[in-house]
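Notes follow the structure.
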Amino acid sequence: MANKGKKYVEAAKLVDRTKAYTVAEAVELAKKTSIAKFDATVEAAFRLGVDPKKADQQIRGAVVLPNGTGKTQRVLVFAKGEKAKEAEAAGADYVGDSEYINKISQGWFEFDVIVATPDMMGEVGKLGRTLGPKGLMPNPKTGTVTFDVTKAVNEIKAGKVEYRVDKAGNIHVPIGKVSFEDQKLIENFNTIFETMMKVKPSAAKGTYMKNVTLSTTMGPGVKVDPSTVK
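Read in this note's numbering, the sequence shown has 158 at position 153, and its numbers run on one by one without any break.
Here it is as structure tokens:
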């Protein structure tokens with residue numbers, strides 16, 4: 006383990022590592038132990054009792070947080086004709102087709118999320134090797150491959166977050182910023198927690214919600230007691 010700075014060590018002393026806190030206590034502690042000089046992101050991490058190697062236990066999707074994430078996502082929409090006009094009207098930052106495909110293939114990444122209409126996926130698919138590793142490939146499961154571009158853009162701008170289980174069975178989701186009021190972070194956390202419970206695969210055996218932690222960018226993790234989620 007790398008040497009942690011003094012600030013981290015001091016912040017970590019405030020957290021009892023043997024204890025699982027209520028959601029409200031965990032939010033308060035995560036904010037108190039944030040050592041970043043900037044308005045750090047608060048993140049929830051879930052360790053789930055699933056085997057992601059099995060197709061029926063892969064968890065992936067998206068949810069709109071009631072209070073947003075504190076970050077405005079830049080949205081690129083691949084669409085033509087009327088759908089392109091709809092995307093522009095909905096407030097997409099970039100709308101187009103082949104010219105943006107060329108720009109991305111040349112290393113342009115001035116966006117956070119891509120939405121594509123299904124008829125554009127043949128073209129967008131050519132960028133698979135570029136977009137895939139960065140987690141930017143549009144996907145029907147997360148609502149980013151759709152003809153309803155207005156809804157997709159509106160939801161992303163409102164604070165939609167994507168979640169995906171990793172190889173170790175963990176899911177990390179941002180739930181806001183340290184500057185958020187506690188209640189807003191709690192509401193966002195509860196929304197993502199409820200979503201995790203709803204998407205539990207029927208094939209998952211044993212304890213499903215193994216561990217829940219809240220932390221801030223660079224700050225220590227604070228364990229949450231799942232039974233305190235209302």
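All C-beta atoms in this analysis are idealised placements derived from N, C-alpha and C, irrespective of residue type, glycine included. Predicted, not measured: the structure shown is a model, and the values here were computed from it.
Exclusion of the five residues before and after Glu128 leaves Phe83, Asp102, Ser103 and Ile106 as the residues of its chain whose Cβ lies within less than 8 angstroms of its Cβ. In the three-state scheme derived from DSSP, where H, G and I count as helix and E and B as strand, Met201 is classed as helix. In the displayed model, Pro231 falls within a helix according to three-state DSSP.
Annotation for Arg22: no beta strand (DSSP E) segment contains it, and DSSP assigns it neither H nor E. Ranking Lys58, Leu132, Glu48 and Thr147 by CA distance to the CA of Ala208 puts Lys58 first. Per DSSP, Tyr168 lies in no alpha helix (DSSP H) segment; the continuous beta strand (DSSP E) that holds it begins and ends at Lys165 to Arg169. By the neighbour-count definition (other C-beta atoms within 10 Å, threshold 16), Leu19 is an exposed residue.
Annotation: the stretch 105-129 contains the following complete segments of the beta strand (DSSP E) (minimum length 3 residues), in chain order: 118-121. Counting only unbroken stretches of 4 or more residues, the alpha helix (DSSP H) elements lying wholly within the stretch 147-191 are 154-163, in sequence order. Take the alpha-carbon of Val68 and the one of Val32: they are about 20 angstroms apart. Contact check for Val183 and Asp44: beta-carbon distance about 6 angstroms, within the 8 angstroms limit, so the pair qualifies. Its Cα nearest to that of Val80, the residue Gly96 stands out among Ile180, Gly73 and Gly96. Taking 8 angstroms as the cut-off, the beta carbon of Thr218 is found closer than this to the beta carbon of Val227. DSSP places Thr135 in the uninterrupted alpha helix (DSSP H) bounded by Gly133 to Leu136. Contact check for Ile161 against Val118 passes: the beta carbons are separated by less than 8 angstroms. Residue range Gly86 to Ala95 is occupied by the alpha helix (DSSP H) that includes Lys90. In the structure shown, Val68 falls within a strand segment according to DSSP collapsed to helix, strand and coil. Closest by C-alpha distance to His177, out of Phe114, Lys11 and Thr222, is Thr222.
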